[in-house]
Each structure stands twice: as structure tokens, then as C-alpha cells.
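Step one of this worksheet: look at the structure below.
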């Protein structure tokens, strides 16, 4: 299999602070992730002033103001920061990426020549937005939180309407609850998306911990996206459902281990690392008592013991009735040259 793309989702966990954004880039790089990703939006373009916060947003934002507009305005990533942050990411040897949530932000990111566009779950039913992305003819990563199969199918139809191949679309199974209860993960849906939609699959995770994204890789995900933060106790809508740096690093290590574990041809045979143990761990035939030269071997005269350097116990039937050419003491190993 090809290497899984691991996206460390910084999102809005910079809290509107430039230095925090830089620290997130460094932490993502130190974890071994492939991409550090932020979010790009103009608040006036994505939410009305009357829109209320989602339940999880209200729970983790210390403010009596229940306005999404007020909350998001504080979390914009200023455009003047991008040049420096992208350069810093290069210095840290990690790819910088961001998700657009509106047309203006999409145009801005398109000018930065990123390798792919990420479509967030909330935009999967935004036809005008999908149409704009379809015009750009670049690989797309599509999150599917809150979606049904028809909505995914409709979005794919729009995205591929101008020549984009389904091979260039990776659909991420996702649940948009922060944190996602384990009983709602429904990881098998990722496989149904692959089989029914004929697309590459991945997983965008909002559960607590690292088990589910690791399981997703074992099931065939080629992209993993996971929110992370410098400190889960920071104020903000996404911190509580994010990994801290040490956890992010452990997730990356675990995914790389799973990649190795599921690689290979699938043909069952001794691996190079275990071949050396065969003689020590398997058994061979030994005599169960002292036997004199010239005696015939009976079924009760043989016992299977380690090491496996002699005749395999699978050959036991061939030895019954054969005559010994030498004297053997109890538990001596039998070789073919001992027999006639």
C-alpha cells in the first residue's frame, strides 16, 4: 500500500494568535505528520450575525455571547500571516495546507498553489461552492460529516462535472460531533463509501484518543485527519476534542506501524525474522525410552520434543516398525541415518 497521508488539523486552535500558529506548525512537524492544516474563512461570508453556536461550541467557549459570528471572527487566520507561516512550515519540513469555507477564501488559497483542496463537511451541500472547486481541476479531499450516501453522490457528481477524475477525489468518512461518541463512529460506512462511490477513502476523526484513526488505516484509509492542540484546556470550540502533541506523535507512530503490519504480499510463509526460530520452537521425534540396536520401533517408543532439528513428528507413521541401527538413550533425537 502507499504511505498514508496524515493531516494534523490545527484548524482554528491558533485562537487568533500568530505565535500559537507557529507553535502548532512545529508541534505537527515534531509529531511526524505529513501536513499541518488550518482553516481559511471570512466570517461575513460564512455565517449570519443571527446564527447561534453549535452545542459543542457553546460548551467550550467561555463567553455569554452565543453568536457564531462573534466566535469565528476571533478565529480568522489573517491573510498577511500566510507567507510567513508557509515559509516556517517549509523550515520545519512539513507541508502547509488550509481549508477554505467561502468563495473569497477559495480564490485566495488557489493562488497559493496547494497540492489539493479540502472540502469541509459543512460545505458538502453547498452547490455553488462545489461548482467553484470543480473548475479548479485539482485533487480534492471531501469530508462527509452529517452526510448520507445520496449527498455524497450528489457532491461527487458536481466535483467531477468538469473533468476531475474520481481517482483524484478522496472521501473522508467523518462524524461532526466534538468529541464523537464511539458508538456513533460507524467506521464500516467508510468501506461502503469506497465500494459504492468507487473512490479513495480516508477518515477525519473527532473521537477522543487515537484508536479509531489507527483502525481506519487497518481498514484501508489512505488519508487520516486529526485535530490537535497545544493544550486541551485552552478556550475555543475544538480544543477539547483535539490531541495534544505527545498524543499526536503516538498516533503517527502507531499508523506507521500499522502500515508495515498490513504490507506484504499476503502469501503465508515464514518471515525472515522468524525463520531462525523454527528449529528452536518446533519439535522433532525422540525416543521415549532406552532402545537397543536392532530393536523395532513401536508407537509408544517415540515422543515429540524440542529442538526441531531431527525428523518431523509429521513423519511419525513412517518410523513405526523400522529397526534401529544404533543404541539410543531415552530422549535421544532420531535421525534417518539411525534407521534401517
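Residue numbers (this note's numbering): 7 to 346. Just so it is clear, CB atoms sit at the ideal spot from N, CA and C, and this is done for glycine as well.
**OP:** Please work out which residues of its chain come closer than 6 angstroms, Cβ to Cβ, to residue 107, disregarding the five sequence neighbours upstream and downstream, and give them in chain order.
**Re:** The answer, listed in chain order, is 47, 52.
Original post:
From which residue to which residue does the alpha helix (DSSP H) around residue 26 run?
Top reply: Judged by DSSP secondary structure, residue 26 falls within the alpha helix (DSSP H) whose first and last residues are 24-37.
Original post:
Would you call residue 74 buried or exposed, if buried means 16 or more other Cβ atoms sit within 10 Å of its Cβ?
Top reply: buried
Original post:
Going along the chain, which residues of its own chain have a beta-carbon closer than 8 angstroms to the beta-carbon of residue 38, five neighbours each way excluded?
Top reply: 12, 255, 258, 259, 262
Subject >> Span of the beta strand (DSSP E) around residue 293 >> reply: 290-293
Subject >> The beta strand (DSSP E) enclosing residue 163, as first and last residue numbers >> reply: In the DSSP annotation of this structure, residue 163 is not part of any beta strand (DSSP E); the continuous alpha helix (DSSP H) holding it starts and ends at 155-165.
Original post:
What beta strand (DSSP E) runs, 3 residues minimum, are completely inside the segment 210-292?
Top reply: 229-233
**OP:** Measure the beta-carbon distance from residue 15 to residue 273 and round it to whole angstroms, keeping in mind my assumption that it falls under 8 angstroms.
**Re:** With 8 angstroms as the limit, residue 15 and residue 273 do not qualify as a contact, their Cβ atoms being about 38 angstroms apart.
**OP:** For residue 168, count neighbouring Cβ atoms within 10 angstroms of its own Cβ and tell me buried if that reaches 16, exposed if not.
**Re:** exposed
**OP:** Could you check if residue 200 is buried or exposed, using at least 16 other CB atoms within 10 Å of its CB as the buried criterion?
**Re:** buried
Original post:
Do residue 187 and residue 247 come within 8 angstroms of each other at the CB atom, strictly closer than that value?
Top reply: no
Original post:
For the putative contact between residue 146 and residue 170, defined by C-beta atoms under 8 angstroms, what is the C-beta separation to the nearest angstrom?
Top reply: Separation of the CB atoms of residue 146 and residue 170 is rounded to 7 angstroms, and the pair is thereby assigned contact status at 8 angstroms.
Original post:
Between the C-alpha atoms of residue 76 and residue 17, what's the straight-line distance to the nearest angstrom?
Top reply: 17 angstroms
**OP:** Could you say which of 67, 58, 81 lies nearest to residue 45 if we only look at CA atoms?
**Re:** 81
**OP:** Within its chain, find whatever has a CB closer than 7 angstroms to the CB of residue 163; leave out the 5 residues flanking it on each side and keep chain order.
**Re:** none
**OP:** Report the three-state DSSP secondary structure of residue 301 (helix, strand or coil).
**Re:** coil
**OP:** Tell me residue 5's beta-bridge partners as DSSP assigns them.
**Re:** It is not possible to answer for residue 5, since the shown part of the chain is limited to 7 through 346.
Original post:
Can you find at least 3 beta carbon pairs, one from the segment 19-37 and one from the segment 206-220, that sit closer than 8 angstroms?
Top reply: no
Subject >> Cβ shell of residue 166 (< 8 angstroms), same chain only, five flanking positions each side left out >> reply: 140, 172, 175
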